[in-house]
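All remarks here apply to the structure that follows.
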Amino acid sequence: MDECPPITVRLAVDRTDMNLTAGENIGFYTPGQEVSSQTGFMRGHGTYVDEEETLRASVAGVLEKVNKLISVRPLKTRYQGEIGDVVVGRITELQQKRWKVDTNSKMDSVLLLSSVNLPGGELRRRSAEDEQTMRRYLQEGDLICAEVQSTFADGSLSLHTRVLKYGKLSQGIMLKVSPALIKRKKTHFHNLANGAILILGNNGYVWIGANTQEKDQSEGGFTQDLSRVALQDREICARLRNCILILAECNILLTDTSVTYAYEESMKYTPSELLQSEAIIDVALLTQQRLSQF
Amino acid sequence: MLEGDQDQEEDQGGLRNDGRRAAELRKIRVRMGVFGQADGSAYLEQGNTKILVAVYGPHQPRGSAARAGGKNVGGIINCQYSTAVFSFSAGERKRRPRGDRKSIEKSLQLRRAMESIIQLDLYPRSQIDVFVEVLQIDGSEYCVAVNAATLALIDAGIPIKDYAIGCTASLIDSTSKNDEDSSHAAGVVDATYMEECSPGATLSIIALPGSSNDATKGLVVVAQGAGQRLHLSRLEALRNRALCGCRDIRNILDRAVRQHLTVHSQPSFSTLHVID
Amino acid sequence: MADIPLSLAEKTFILHGVDANFRNDGRIRNEYRAMELETKLMPQTNGSARIRLGNTDVLVGVKVEVDTPFPDNPFEGKLEFFVDCSANATPAFEGKGGDSLATEISNTLALAYQSPHAINLKTLSILPHQQCWKIYVDILILQCGGNLFDAVSIAVKAALYSTEIPKVTAATLDGGKPDIQLSDDPYDCIKLDAKNFPVLVTLCKIGDNCVVDPSSEEETCSSASIVLSTLPDGRFTSVVKMGHGSLQPTTLIKTLEIGKLVGIKLNASVMESLKKEDALGTNRPIFGFLR
């Protein structure tokens, strides 16, 4: 009960470098560098045209070219939403007929009252009563999973949760990683073999949901199951959490495959051992190896 | 890590107190991405001047900026220049980290410099925070702060037109009137604290040197003089000396950014897209 | 403190986890995260240290000055703590935003070091009634990821351990005016006796149990926490309760007992690594923020 595990105090001289994937130098662009002086190219993200009509990079990263559209992609940046993306977000504010949602983008996103399913799946116009009971559905601090419905002119996003798989998230752990680590895929919802639910939001917010028994969908996903989670499922969540942080720290893309590999390779450690740098390096290296076999 | 360029060899006579030549920079050491929680961060050392910068944003405006910026269509840049109380050289201690007149003025000038490079039109109604923390002072700290802030912006992936580079040029000795040929006559770059304190004038310049090799073409954004009076005829030479310093610093920082990109890029980063 | 928002379900998950003695990152209740320590990284100070504990990052610089002692304590030197919450940690600390937290931390530290068992201020006296050393301990909080108090206290202990005070070669009274000669040799200096410096141990009450080394999420879930300053022999020099919640007397006793065990261990571990770093000699590379 009152046992005290040893406390590790490491010295800075013994620090290990977490970067395993020493990438090669592949012609990076840095701000101010000339990309092209020819006309006929379209200016994409991360570029600008100066007074002399020269196309220059405005961020540090790699060049991407789609036909005539030239853009430079930086190593890391805030999330830039695209329609159809799956995001995980946190409610920051309630306004009339809308919720404001923090989605790691340059402005808070908007979830309109008309873009959510009402409890019971009723389909009708939203009334004034609905406006008054908004806080009952979602309040400040609540986590949601949603899809980007549209983008506004100023770059902010409008979300919707009108499919049953979206909605309020229940018990689990939310992690923040760089959006660059998450690749756009067909599916961002993963029911892992160990029973946990993994949502890799395009915005870099990752959700690890505890294994809860068949959710009652009739309430429109606004109820939360606050019953105790079994220790075994809790261990799975903790292990997944630490594995995802290992992958993020070592700059490995997050997919269901990489997370599963890391999870499997981590089995020889206890979840708390995965916080130590020796285990981090080991798991990351083994995962990297398995990923590169294909 | 990278070192200041040492291209020409000179006789001992023309050396400065710390053994540098007039146009020679101090050792520059860089690290980007120091903090996990900030959107961008950088640590920069120029000699014994050490500065940390964190960038938050662009994000939804919060606090006083949100209220004041209601009508503001473009983005808001919010800068804070803060000096650690233990940052001075031996024996001295600063009383307050920020809030004094000098810090407020430096915050303002830092904002000017940042406004000149950030493409604010891309971020309507959002806010970018730039927080400078000076850890150790040995001259040219404002210029180093601007350099570090530029690196932090790059780390955060915020689009900028060009590197904003700061460099000081200092006229240190009044005796140089006698020998106009001496390299010190045009001033020394990247002044240390001792050189800034010597009788003479120090010019701090923030410039956008551009990637061209002609140093004198750089755009001067902020210029500031301190110290004693300076004859107008010598300003030109002093400015050119500072601009040369800016160009050299830009080259060093650019190399550091590329190095950072090389080390931290994912393998998939390169394989997906072919550049022609 | 900059509270991070959490939903009810997340809080429940953390709460039940603490109940089951299995926290969100896999640690048990009395387990610390690994920390990393470096001393003497700021050459322009008399002593310095940086600690990283999870995402928490604290830098401490120590400067000494010759000052006149307090009239009511003429035989003692002075020790002063100053905390600066840098806006680098979170935009919420901008301007005066971090001041209340800073005052809270510096007051807690001052309380912890107030006891003569912790530090003997008499050793800092040069000429009684006339001159003494004043030690400024300046703490800069660069990032917070939970458990600030413990991290700060460890960094303070390490920085004070590394502090070198110039040796006074001659101290005389010259016609009522004190005259002090300091040694010219920068290596000729005295060190503080760090043996008994306290560390703070925060016990964060979540539900019916207490955890050590809380993460920011766990701090959000907690209504009350106890900050103990423990000496290496297990004695407390101060006990402070933070937060709005309350504790039962029996819980308090139980908490203090856990805190004692953890405090002894923490003191020993910190001391051990400081000695290890010392053994590396003066030529060890200094990383600071470069790696």
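Chains as they are written, first to last, in my numbering: chain A, 21 to 314; chain B, 254 to 529; chain C, 783 to 1073.
For every residue, glycine included, the Cβ atom is placed at its ideal position computed from N, Cα and C.
Below-9 Å beta-carbon distance, residue i vs any chain C residue
i	result
Gln115 (chain A)	no
Asn504 (chain B)	no
Ala398 (chain B)	no
Glu394 (chain B)	no
Gln309 (chain A)	no
Asn301 (chain B)	yes
Gly478 (chain B)	no
Test: residue i CB closer than 9 Å to a CB of chain A
i	result
Pro350 (chain B)	no
Val510 (chain B)	yes
Ala409 (chain B)	yes
Ala791 (chain C)	yes
Met817 (chain C)	yes
Arg378 (chain B)	yes
His1026 (chain C)	no
Ala874 (chain C)	no
Euclidean distance between Cα positions of residue i and residue j
i	j	result
Thr171 (chain A)	Ala230 (chain A)	32 Å
Lys77 (chain A)	Ala802 (chain C)	Looking at the sequence provided, one finds Ala at residue 77 (chain A) rather than Lys. Distance between the alpha carbons of Ala77 (chain A) and Ala802 (chain C): 53 Å.
Ile425 (chain B)	Gln477 (chain B)	17 Å
Ser1028 (chain C)	Pro996 (chain C)	18 Å
Thr515 (chain B)	Gly47 (chain A)	9 Å
Ser91 (chain A)	Leu1013 (chain C)	59 Å
Gln380 (chain B)	Ala216 (chain A)	37 Å
Gln308 (chain A)	Gly192 (chain A)	27 Å
Gln826 (chain C)	Gly60 (chain A)	56 Å
Ile264 (chain A)	Val279 (chain A)	6 Å
Asp990 (chain C)	Asn889 (chain C)	28 Å
Thr984 (chain C)	Phe931 (chain C)	7 Å
Pro412 (chain B)	Gly310 (chain B)	12 Å
Gly957 (chain C)	Pro910 (chain C)	16 Å
Selected residue, minimal CA-CA separation from residue i, among the options
i	options	result
Asp415 (chain B)	B:Leu424, B:Ile425, B:Leu404	B:Leu404
Arg98 (chain A)	A:Ile202, A:Cys257, A:Ser247	A:Ile202
Ile459 (chain B)	B:Gln481, B:Ala422, B:Glu448, B:Gly480	B:Ala422
Leu905 (chain C)	C:Ala884, C:Ser935, C:Phe857	Correcting the residue type first, residue 905 (chain C) is Thr in the shown sequence and not Leu. The shortest C-alpha separation from Thr905 (chain C) is found at C:Phe857.
Pro291 (chain A)	A:Gln244, A:Arg261, A:Leu246	A:Arg261
Asp105 (chain A)	A:His210, A:Asp122, A:Arg182, A:Gly221	A:Gly221
Ile1035 (chain C)	C:Ile1008, C:Ala894, C:Arg809	C:Ile1008
Ile921 (chain C)	C:Pro1031, C:Ile901, C:Lys845, C:Gly879	C:Lys845
Asp501 (chain B)	B:Asn400, B:Leu456, B:His484	B:Asn400
Ala439 (chain B)	B:Leu485, B:Cys332, B:Tyr446	B:Leu485
Ala80 (chain A)	A:Tyr49, A:Arg145, A:Leu311	A:Tyr49
Pro25 (chain A)	C:Ile1068, C:Arg1066, C:Ile1046, C:Thr1064	C:Ile1046
Gln912 (chain C)	C:Pro851, C:Gly843, C:Val994, C:Asp1015	C:Pro851
Val383 (chain B)	B:Ser294, B:Ser457, B:Gln481	B:Ser294
Leu95 (chain A)	A:Val82, A:Val107, A:Ile103	A:Val82
Met1024 (chain C)	C:Ile923, C:Glu1001, C:Ala869, C:Pro1031	C:Glu1001
Cβ of residue i within 9 Å of any chain B Cβ
i	result
Arg1066 (chain C)	no
Thr827 (chain C)	yes
Arg1073 (chain C)	yes
Leu841 (chain C)	yes
Val844 (chain C)	yes
Ser830 (chain C)	yes
Counted within 10 angstroms of its Cβ, other Cβ atoms place residue i as buried (16 or more) or exposed
i	result
Arg155 (chain A)	exposed
Glu151 (chain A)	exposed
Ala213 (chain A)	exposed
Leu297 (chain B)	buried
Asn223 (chain A)	buried
Leu143 (chain A)	exposed
Asp236 (chain A)	With a pLDDT of 49 at Asp236 (chain A), under the threshold of 50, the modelled position of this residue cannot be trusted; read the value that follows with caution. Label assigned to Asp236 (chain A): exposed.
Thr794 (chain C)	buried
Thr954 (chain C)	exposed
Thr207 (chain A)	exposed
Arg282 (chain B)	buried
Val473 (chain B)	exposed
With three or more C-beta pairs closer than 8 Å as the rule, is the segment 300-314 of chain B touching the segment 279-289 of chain B? yes
With a threshold of 8 Å, are at least 3 pairs of Cβ atoms found where one atom belongs to the segment 959-976 of chain C and the other to the segment 928-948 of chain C? yes
Within the chosen definition, does the segment 23-39 of chain A reach the segment 60-70 of chain A through at least 3 CB pairs nearer than 8 Å? no
May I ask you to verify whether the segment 115-134 of chain A touches the segment 81-96 of chain A, counting CB pairs closer than 8 Å and requiring at least 3? no
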